[in-house]
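See below for the structure under consideration.
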Amino acid sequence: MGINTERDIEANLQIGPTDKGMVRLFVEAPGVEVPMDFDPDEADEIAEEIRAAARIARGPGPKKGGR
Numbered sequence: 001m002g003i004n005t006e007r008d009i010e011a012n013l014q015i016g017p018t019d020k021g022m023v024r025l026f027v028e029a030p031g032v033e034v035p036m037d038f039d040p041d042e043a044d045e046i047a048e049e050i051r052a053a054a055r056i057a058r059g060p061g062p063k064k065g066g067r
């Protein structure tokens with residue numbers, strides 16, 4: 001299984017701060033709960049990776065010059 005392998009699994013993702021000053025990504029699926037805690041700097045790096053992946057997934061924008 002890899003990043004491009006599709007699965008028919010439904011999961012919930014929650015993101016928020018903890019009372020310990022960490023950022024938690026909490027993934028919940030049937031029979032599975034995965035809490036992942038990151039310090040704020042790591043969370044910023046993850047956020048940038050998500051933004052970069054979104055830019056790539058959108059593909060190139062319209063070409064300038066109308067040609």
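Just so we're aligned, residue 1 is where the sequence shown starts under the working numbering, counting upward by one.
No residue lacks a Cβ here, since even glycine has one placed at the ideal position from N, Cα and C.
Am I right that M36 and R24 are in contact with their C-beta atoms under 8 Å? What's the rounded C-beta distance?
Translated into the one-based positions of the sequence shown, residue 36 becomes position 36. Translated into the one-based positions of the sequence shown, residue 24 becomes position 24. Right, the Cβ-Cβ distance comes to about 7 Å (below 8 Å), so this counts as a contact.
What does the alpha-carbon distance come out to for the pair R7 and A53?
In the sequence shown, the residue the question calls residue 7 occupies position 7. In the sequence shown, the residue the question calls residue 53 occupies position 53. The straight-line gap from Cα to Cα measures roughly 20 Å.
Would you list the one or two residues that DSSP bridges to P17?
What you label residue 17 is simply residue 17 of the sequence shown in a count that begins at 1. In DSSP, P17 forms a bridge with V23.
Where the alpha helix (DSSP H) through P35 begins and ends:
Locating residue 35 in the sequence shown gives position 35, counting from the first residue. Element bounds for P35: not the alpha helix (DSSP H) but the beta strand (DSSP E), V32 to F38.
Pull the bridge partners of N12 from the DSSP assignment, please.
Translated into the one-based positions of the sequence shown, residue 12 becomes position 12. DSSP lists E28 as partners of N12.
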